[in-house]
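Notes follow the structure.
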Amino acid sequence: MKNIYEKTEEWLLLFIIICLPLTTISQKYKLPIFGNNIPFMLLCLACFVFLLNYIKCKEFKIPHAKYIGIFCLWPILCTAIGAYQFPFWSIAADNYLKDTSVVRIIAHIWPDIVTSTTLLHVKYFCSNIVALLKSFLLPLIGFFLLITDLYQKNPQRGIAWISKAAFTAVLLMGIYSAFEICWLWTGNQTCTNILAFLNRQIYDIAGAHGWWPPLFWKGQLRSYTQEPSYFGIIASFLVPFLWYRVFNYRKKFDLILLFYFTFMIFMTKSRTATIVYFGEIGVFIFLSLVAQYNHWKKVCFTIGIITVLAFGSYICGDTIIPQLAAEAKIKANMNSGKDIRQIEGITGSNTEVLTSLAESTEDYVENNITSAAGTAPRSNAARIGNMIAMTRVGIQHPLFGVGQGYMSMYMVNQFPAEFTKNAEIQLWTNSLLSITFIKSGYPIINAFSAILAQFGILGLILFFIPLFYTGMYLVIRRENFKARLDIVCIIVAVVGQLVCFFSNWFFYSFPIVFSLLYCFVFFTEKESITYEKKMFFCNRN
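Counting with the numbering used here, you get residues 139 to 679 for the letters of the sequence shown.
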C-alpha cells in the first residue's frame with residue numbers, strides 16, 4: 139500500500155501528463171526559478187516529495203547510481219570547457235548580461251560584477267548550468283527515479299495510472315479542439331472569440347521571432363499546444379495508451395475518444411503527427427505479430443478501421459462542411475437584403491463531390507506525408523539546414539562538444555550554401571545577431587544533433603546506453619513478455635518518442651514512457667500476465 143508521499147507523487151505525475159502541452163505559458167504567470175513551464179513546476183514539486191519520502195523511508199535503492207553520476211557530470215564538464223573556450227563574446231552580449239535582473243541584484247552587493255567581463259561570463263555559465271539541469275538532467279533523471287520508485291513493485295499499476303492520465307489529457311484537448319474545429323471549418327464568430335480569449339490566456343502571442351505562436355493557426359489544428367507539430371509529439375505518446383485502454387478495459391467511450399483523437403491528428407495537417415502516427419501503427423502491427431497476444435488480429439484490424447474512418451471523416455468534413463458553411467452564409471446575406479450575387483453549385487453534383495474528395499485525399503497525402511522527403515515544401519529546407527549545421531558543430535568538436543548555451547554562434551557559418559538564402563534560416567540568423575545569442579538562438583530541430591553538438595560523441599553514447607541496455611534485456615527476457623498487449627503499447631510509445639527526436643527537443647513524455655518500459659523489463663515477474671478476461675473482444679460471460 140502506498141504512503142501519502144507516493145500517492146502525492148502519482149497525482150503530480152498525472153497532472154504533469156495532462157499539462158504536457160503547457161510548456162511555455164504566458165509570461166504573466168511566470169514564477170521565479172520555475173519560469174512559465176507548468177510541467178517543470180510540477181516535476182520539481184514531485185522530486186521534492188520524492189526526496190522527502192526517500193529521507194523518511196530509505197527503502198528505495200537508486201538503480202545504476204554510478205552511471206547516473208557520470209551521466210550528470212559529463213554535460214556539466216562539457217559546458218564548463220565550452221564556456222572557457224567560447225570565442226564569440228561581443229560588447230553587445232556583455233551589455234545584455236549587465237542589464238539582466240540577476241546581475242543588477244548582485245551589483246548592489248558586489249559592484250565589480252558590472253565592470254568585469256570575466257564575472258559576467260561566469261554568470262552566464264552558471265545560467266547555462268541551471269538551464270542544463272532544467273531542460274536535460276532533471277527531466278531524464280527525475281522521471282526515472284520517480285517512476286522506478288512508484289512502480290518497480292507493480293509495473294502494471296504504472297501503465298494503468300499513466301493511461302488514465304493520457305485519457306484525461308486527450309479528453310481536455312478534445313474539448314478545446316471542438317471550438318477549434320468549428321472555427322477551422324466554418325469561421326464561426328463565437329468559436330473565434332472563445333479561441334482568441336483562451337489563446338491569449340495561455341500564450342504570449344507572437345512572443346518569439348515576431349510571429350510565434352500566432353493567435354490562430356490557420357488551416358491546421360493544434361489544440362492548446364503552441365503549434366501542430368507539438369500536438370503530434372504529444373499525440374505519439376498518448377495514442378498507444380488509448381489503444382491499451384480501448385482493448386483492455388472495453389469501454390465504448392474510450393473507443394469513441396480514440397476515433398475523435400485520431401481524427402484530430404489528421405486535422406493537424408502536421409507531417410510530424412501523421413508520419414509518426416502511421417509509423418506507430420506499423421510498429422504496433424509488427425510487435426503484435428511477434429507477441430501474438432489474445433485476438434491480436436482483431437485488435438490490429440480495429441485500429442486500421444478506426445484510422446480509415448477518422449481519415450475519411452476528416453476528408454469529407456474538410457471538403458464539404460466549408461462549402462456548406464459558405465453557402466449558408468450567402469443565403470443568410472441574401473435574406474437580409476444585401477446585394478450579393480448568388481453563387482450556384484457550391485456543393486455541386488455527386489460526381490463533382492466525389493472528384494473533390496479524391497483530390498483532397500491526394501493533396502493531403504502529398505502535402506503532409508510524401509512532402510517530408512523533399513527540401514522545398516514548407517519548412518523542410520530550414521529544418522535540414524539547421525540539422526546539418528548543428529551536426530557539423532558536433533563533428534568539429536567531437537570530444538566535449540561546445541556545451542549548453544554556446545551552440546548557436548558556432549552554427550552561424552556552418553549552413554550549406556544552398557540553405558543560407560532560406561527565409562526562415564535568415565530570420566533565425568538575423569535575430570541571433572541583432573539581439574545576441576543570449577536572448578535568441580537557433581531552434582533545436584533534431585535532438586540527437588543537439589546532444590552531439592553540445593556534449594560530444596561521448597555525451598551521445600551516454601544518452602543511448604539506457605536505450606540499448608533496456609532493449610538488450612527486453613530481447614533476452616522476451617519469453618516473459620509474450621502475449622502482452624501492455625508491453626507492445628509501451629514499446630510503440632517509446633519508438634514514437636524517439637522518432638520525434640528528429641523533429642524537436644524531447645518532451646517530458648519521453649522519459650516518462652521510457653522509465654515505465656524500464657520498470658516492465660526489469661521488475662516484471664516471470665509469469666506472463668494474461669488478458670483473456672479483460673480483452674475487448676473476449677466473451678464477457
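Heads up, the beta-carbon is just placed ideally off N, CA and C, and yes, glycines get one too. This one's a predicted model, so the numbers in the text were calculated from it and none came from an experiment.
message: Considering just the uninterrupted stretch of the alpha helix (DSSP H) at A373, what are its terminal residues?
response: 366 to 387
message: Once DSSP output is grouped into helix, strand and coil, what is the label at G539?
response: coil
- request: Going by CA-CA distance only, name the one from I163, L183, E418 that's closest to T146.
  value: L183
message: To the nearest angstrom, how far is the alpha carbon of G541 from that of S408?
response: 32 Å
query: With distances taken between CB atoms, is the gap from W643 to S367 smaller than 9 Å?
result: no
- request: Please check if any C-beta of chain D sits within less than 9 Å of the C-beta of S546.
  value: In the displayed structure, chain D is absent; only one protein chain is listed.
query: What first and last residue would you give for the alpha helix (DSSP H) that runs through A700?
result: The structure shown does not extend to residue 700, since the chain is modelled only from 139 through 679, so no value can be given for it.
- prompt: Taking all protein chains shown into account, do 16 or more other C-beta atoms lie within 10 angstroms of the C-beta of F606, making it buried, or fewer, making it exposed?
  reply: exposed
task: Would you decide whether W248 is buried or exposed? Buried here means 16 or more other CB atoms lie within 10 Å of its CB.
output: exposed
Neighbourhood of L275 by C-beta, 6 Å cutoff - its chain only, sequence neighbours within 5 removed: C210
message: Checking 9 Å against the spacing of the C-beta atoms, do I650 and P378 come in under that value?
response: no
- prompt: How about Y234 and T574: are their beta carbons less than 9 Å apart?
  reply: yes
query: alpha helix (DSSP H) containing L276: first to last residue?
result: No alpha helix (DSSP H) contains L276, which DSSP labels as neither H nor E.
message: Using 9 Å as the threshold, is the C-beta distance between K291 and F661 below it?
response: yes
field: Nearest neighbour of Q592, chosen from K620, N618, Q552, G543 [CA to CA]
entry: G543
- prompt: To the nearest whole angstrom, what separates the beta carbons of V437 and F369, a pair I think is in contact under 8 Å?
  reply: Not really, about 25 Å apart at Cβ, beyond 8 Å.
Contacting residues, own chain, Cβ-Cβ under 8 Å from I244 (five flanking each side not counted): I251, K261
query: Do you know whose CA, among K302, L215, S451, S228, lies nearest W149's CA?
result: K302
field: Beta-bridge pairing of W350 - partner residues as DSSP gives them
entry: A346
- request: Could you have a look at G579 and say whether DSSP puts it in helix, strand or coil?
  value: coil
- prompt: So the alpha helix (DSSP H) P249 belongs to, where does it begin and stop?
  reply: Run containing P249: none; DSSP gives neither H nor E here.
S682 versus P170 - alpha carbon distance: As displayed, the chain neither begins before 139 nor continues past 679, which places residue 682 out of reach and without an answer.
field: Span of the alpha helix (DSSP H), counted from its first residue to its last, around S228
entry: Taken as a continuous stretch (DSSP letters only), S228 belongs to no alpha helix (DSSP H), as it is neither H nor E.
task: Taking only the alpha-carbon atoms, compute the straight-line gap between N505 and I340 and give it to the nearest angstrom.
output: 29 Å
task: Give the DSSP-derived three-state secondary structure of S169 in the structure shown.
output: In the sequence as presented, Ser is not what sits at residue 169; that position holds Leu. Reduced to three states, the DSSP call for L169 is strand.
field: Spatial distance of N510 from T489 (CA atoms)
entry: The amino acid occupying residue 510 in the given sequence is Ala; Asn does not appear at that position. Cα to Cα, A510 sits roughly 31 Å from T489.
field: Closest Cα partner of L612 within the set A588, N584, F602, L655
entry: L655
N-terminal and C-terminal residue of the alpha helix (DSSP H) that Y604 is part of: Here residue 604 is Pro; the residue named in the question, Tyr, does not match the sequence. Segment 585 to 614, the alpha helix (DSSP H) holding P604.
query: So, is D456 buried or exposed, given that buried needs 16 or more other C-beta atoms within 10 angstroms?
result: buried
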